[in-house]
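Residue numbers (our numbering): 5 to 300. The beta-carbon is built from N, C-alpha and C at its ideal position, and this holds for glycine as well. None of the values given here were measured: they were computed from a predicted structure. Worksheet: one structure, shown below.
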Ligand SMILES: Nc1ncnc2c1ncn2[C@@H]1O[C@H](COP(=O)(O)OP(=O)(O)OP(=O)(O)O)[C@@H](O)[C@H]1O
Ligand SMILES: [Mg+2]
């Protein structure tokens with residue numbers, strides 16, 4: 005092996021090792037500087053083929069140069085002619101330049117006539133496989149536009165906790181599959197049903213809610229029909245806890261009485277809810293958490 009070949013191989017090996025180390029130890033900068041530009045180019049370059057394969061193109065009449073067979077010459081050779089004529093061609097939806105995100109990239113698409121965001125949601129798995137990404141999610145910020153958000157890897161494999169929310173009745177209970185925070189805001193949506201299959205994480209979510217709400221100036225009331233195994237550890241922080249059906253009936257009656265008092269207060273002061281009451285009259289908000297509701 006000549007010296008120059010050895011040198012080239014050495015440089016290539018060092019470059020490969022450097023890239024591997026960069027990707028391994030500082031993935032965000034590797035992704036922004038190298039991964040994202042290459043990915044954006046390949047996504048744009050492959051969009052026609054991908055859209056066609058995923059059934060997202062439409063046939064449109066276009067003036068196009070096409071090759072048509074002409075006459076057979078005396079030597080038996082078929083002459084071909086180039087003709088400018090109107091033909092039906094597959095048109096892809098217009099795609100903007102992909103933008104980098106923390107977990108991958110997102111891109112805005114102009115839908116073609118007759119398409120709805122659901123068409124792209126149905127094709128999301130095909131798109132993910134075509135682009136070799138973990139998942140593609142679809143949203144629509146306004147009519148005629150869809151945003152495809154691709155995640156390169158599963159953001160739930162290694163989850164760093166988010167800082168606790170400081171806003172009243174807002175709790176960051178975990179991370180969404182897009183990598184963003186999963187926030188439950190009881191002021192915006194006061195009623196939630198936490199339903200799911202056995203071992204799907206219902207009690208885990210209830211625990212996260214208690215932990216998130218505990219530092220806030222709210223009263224917490226627990227109904228734990230699993231014999232109290234979930235909420236009893238929090239009993240010093242709970243204003244009330246019922247763990248049997250009999251206790252639940254008594255606690256529900258107490259809460260009903262409290263609610264009636266608050267409704268009377270609101271009615272007499274012209275408020276429609278406690279948030280419209282003056283600060284000095286506003287009672288402490290109560291959050292009621294129920295585990296194993298089916299047992300009730
Ligand atoms: N967010 C999560 N991340 C990782 N693992 C979880 C998560 N939530 C739940 N688990 C796992 O799933 C198991 C079941 O969770 P949990 O007890 O909350 O489910 P459940 O729906 O309340 O079950 P059951 O129907 O039996 O009451 C937990 O022991 C935990 O190991
Ligand atoms: Mg449970």
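Let me check one thing: in DSSP terms, what residues is residue i bridge-paired to?
| i | result |
| --- | --- |
| residue 103 | 110 |
| residue 254 | Paired residues: none, contrary to the question. |
| residue 67 | 90 |
| residue 36 | According to DSSP, residue 36 bridges with nothing at all. |
| residue 179 | 185 |
| residue 245 | 226 |
| residue 290 | 223 |
| residue 72 | 85 |
Under three-state DSSP, which class holds residue i?
| i | result |
| --- | --- |
| residue 224 | strand |
| residue 119 | coil |
| residue 6 | coil |
| residue 50 | helix |
| residue 185 | strand |
| residue 295 | strand |
| residue 172 | coil |
| residue 95 | strand |
| residue 155 | strand |
| residue 83 | strand |
| residue 62 | strand |
| residue 142 | strand |
| residue 12 | helix |
| residue 266 | helix |
| residue 193 | coil |
| residue 149 | strand |
| residue 214 | helix |
| residue 28 | helix |
| residue 45 | helix |
| residue 234 | coil |
| residue 57 | helix |
| residue 259 | helix |
| residue 202 | coil |
So is residue i in contact with chain C if we call contact Cβ pairs under 7 Å?
| i | result |
| --- | --- |
| residue 52 | Included in the structure is just one protein chain, with no chain C present. |
So residue i and residue j are supposed to be a Cβ contact under 8 Å. How far apart are they, rounded?
| i | j | result |
| --- | --- | --- |
| residue 65 | residue 87 | Wrong, their Cβ atoms sit about 15 Å apart, outside the cutoff. |
| residue 288 | residue 221 | 6 Å |
| residue 188 | residue 229 | Contact flag wrong, Cβ pair sits at about 21 Å. |
| residue 209 | residue 177 | 6 Å |
| residue 121 | residue 55 | 15 Å between Cβ atoms; not a contact. |
| residue 141 | residue 182 | 6 Å |
Using alpha carbons as the reference points, say which of the options lies closest to residue i.
| i | options | result |
| --- | --- | --- |
| residue 137 | 234, 156, 106 and 195 | 156 |
| residue 279 | 258, 172, 163 and 244 | 172 |
| residue 93 | 70, 108 and 103 | 70 |
| residue 128 | 59, 105 and 40 | 59 |
| residue 152 | 159, 174 and 112 | 112 |
| residue 100 | 149, 62, 83 and 42 | 149 |
Output the residues surrounding ligand 1, defined as those with a CB atom closer than 5 Å to any ligand heavy atom, in chain order.
202, 203, 204, 205, 206, 207 and 208
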